[in-house]
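Heads up, the sequence shown is in our numbering, so the first residue is 12 and it goes up one at a time.
We put the beta carbon where it would ideally sit given N, CA and C, even for glycine.
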Amino acid sequence: MQAITVLPGVADSLRLENLQQPPGHGDLLVEAVALGVCGTDLEIIAGHYGQAPPGREQLVLGHESLGRVLRAPGSSGFDAGDMVVGIVRHPDPQPCPDCAIGEWDMCGNGFYTEHGIKALDGFGAEQFFLPSAMAVKVDPALGLAAVLLEPASIVAKAWEHVDRIGHRALAWQPRSVLVTGAGPIGLLAALMASQRGLDVHVVDRNTTGLKPSLVRQLGATPYDGMSALGALAPDIVIECTGAGAVALDVMRRIAPGGIVCLTGVGVDNPAIGVDFGHLNRSLVLGNIVVFGSVNANRRHYQAAAAALDRADRGWLDRVISRRVPQARWREAFERRRDDVKVIIEFGK
């Protein structure tokens, strides 16, 4: 049983390990079909964070999954052959009030666990166990694009919260949205914005190649930097870069009554000069809301599945820019200039 593992906190400890049994726990035995690679995985590999399961040193990596059920009890609601994606975050055992009602993405005490990240083995193994309560069935017609469900769930949650906040104003009718960053999260945010019929603008450093092409295919407008936006004052911003300077810029240009959702996680940068008094005045007088959003619970996975089902299949397939066979798994963790979403195909 081969699995991709890492020693959390130890840089460059990534390896392919032979396990005696499939990792994880639960009533479903799942055969891995594909595994998505994201920036979180690379940060864990670099030793910045991550936590192994209790009593263990190594962590099976990977949280963007797609698998095929091999074995399921009759009472589980799943059958052998079903295509599934694993929900990443599990509620804490305490639990906090949010986790107690199934809102584990809003966990208040921080004792949650996460597959491939925090105290739960991930999905980077040829087979793994998964609780049926934490599995989401996906349409097999999506093919490998179903591996995009986990990042899409992050965006589905962000849009849900934008909608809830927006309706604080009874006449709220947004027309335009700005997405910063054309990585997988940004592109999926733009996809869901286009499905809402909004005027979509996407800014990214890439001026040529796949990313601007994917933006245009959505009917959205790509920009090669914040300065290119001119006087654009969007009603909604989905910030996906985590860059402090970009986040400040969008707060300053948002339209009155607008909403800024921060989904990117950046590094500290005390060198950024901020006139907080001016920014504070602008936010207050403009009735602006700025909020952060991370992770997702079951209903967000379900909303994301619906969004992927409505999307153009060819567009989704292009978002997966590089498919790495299991035999060359290490190449998936090497950054390349034209990468959008890189996946590992198991059994190849």
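Phe134 and Gly78 look like a contact to me (Cβ under 8 angstroms); what is the Cβ gap, rounded to whole Å?
7 angstroms
Three-state class that DSSP yields for Arg303 in the structure shown
Before going further, note that residue 303 is Gly rather than Arg in the sequence given. Strand.
Of the residues Ala244, His74 and Ala254, which one's Cα is nearest the Cα of Arg186?
Ala244
Cα-Cα separation, Tyr312 to Leu160:
Taking the CA atoms as reference points, Tyr312 sits about 7 angstroms from Leu160.
Evaluate contact between the stretch 315-324 and the stretch 158-173, counting only Cβ atoms and requiring at least three cross-stretch pairs below 8 angstroms.
yes
Express the C-alpha separation of Leu294 and Gly358 in angstroms, rounding to a whole number.
Distance between Gly358 and Leu294, taken at the CA atoms: about 52 angstroms.
Taking 7 angstroms as the limit between beta carbons, can you name the residues of its chain near Ala180, skipping five residues before and five after?
Gly268
N- and C-terminal bounds of the alpha helix (DSSP H) containing His5:
Missing from the structure shown is residue 5; the chain here goes from 12 to 359 and no further.
Burial state of Met12 (16 or more Cβ within 10 Å):
exposed
Count the other CB atoms within 10 Å of the CB of Gln69; is the residue buried (16 or more) or exposed (fewer)?
Answer is buried; the Cβ neighbour count reaches 16.
In whole angstroms, give me the CA-to-CA distance for Gly253 and Leu198.
15 angstroms
The stretch 130-148 / the stretch 42-62 touching (three or more Cβ pairs under 8 angstroms)
yes
Within a Cβ cutoff of 6 angstroms, which residues of the same chain sit near Asp235, ignoring the five residues on either side of it in sequence?
Thr218
Going by DSSP, what residue range makes up the beta strand (DSSP E) through Tyr234?
Looking at the DSSP string, the run of the beta strand (DSSP E) that includes Tyr234 is Thr232 to Tyr234.
Complete runs of the alpha helix (DSSP H) confined to the stretch 22-99 [at least 4 residues]
List check, alpha helix (DSSP H) in window: 50-56.
Backbone secondary structure at Ile176 - three-state DSSP
Taken through DSSP and simplified to helix, strand or coil, Ile176 comes out as helix.
Span of the alpha helix (DSSP H) around Val261:
Gly255 to Arg264
Which residues mark the beginning and the end of the beta strand (DSSP E) in which Ser143 is found?
Careful: Ser143 lies outside any beta strand (DSSP E) and carries neither H nor E.
Assumed close pair Gly50, Lys352 - CB separation to whole angstroms, cut-off 8 angstroms:
No, Gly50 and Lys352 are not in contact; Cβ-Cβ is about 11 angstroms, not under 8 angstroms.
Leu189 - partner residues in DSSP beta bridges
His212 and Val248
Express the C-alpha separation of Leu18 and Arg339 in angstroms, rounding to a whole number.
For Arg339 and Leu18, the distance between alpha carbons rounds to 20 angstroms.
Are the CB atoms of Phe344 and Asp52 nearer to each other than 8 angstroms?
yes
Since I believe Ile98 is in contact with Met145 (beta carbons under 8 angstroms), could you give me their beta-carbon distance rounded to a whole number of angstroms?
At roughly 4 angstroms, the Cβ-Cβ gap stays under 8 angstroms, so Met145 and Ile98 are in contact.
Proximity to Glu227 [Cα-Cα], best of Ser238, Val213 and Ala239
A small correction: the amino acid at residue 227 is Arg; Glu does not occupy that position in the sequence shown. Among Ser238, Val213 and Ala239, the Cα nearest to that of Arg227 belongs to Val213.
Quick check on Pro151: buried or exposed, where buried means 16 or more other Cβ atoms within 10 Å of its Cβ?
exposed
Tell me the residue span of the alpha helix (DSSP H) that contains Leu225.
For Leu225, the uninterrupted alpha helix (DSSP H) run begins and ends at Leu221 to Gln228, by DSSP.
Identified DSSP bridge partners for Pro336
Glu356
Is it right to say Gly288 is buried, meaning 16 or more other beta carbons lie within 10 angstroms of its own, or is it exposed?
exposed
So if DSSP puts Lys148 in a beta bridge, which residue, or which two residues, is it bridged to?
BP columns for Lys148 point to Val95.
Which two residues bound the contiguous alpha helix (DSSP H) that contains Val330?
Arg324 to Val330
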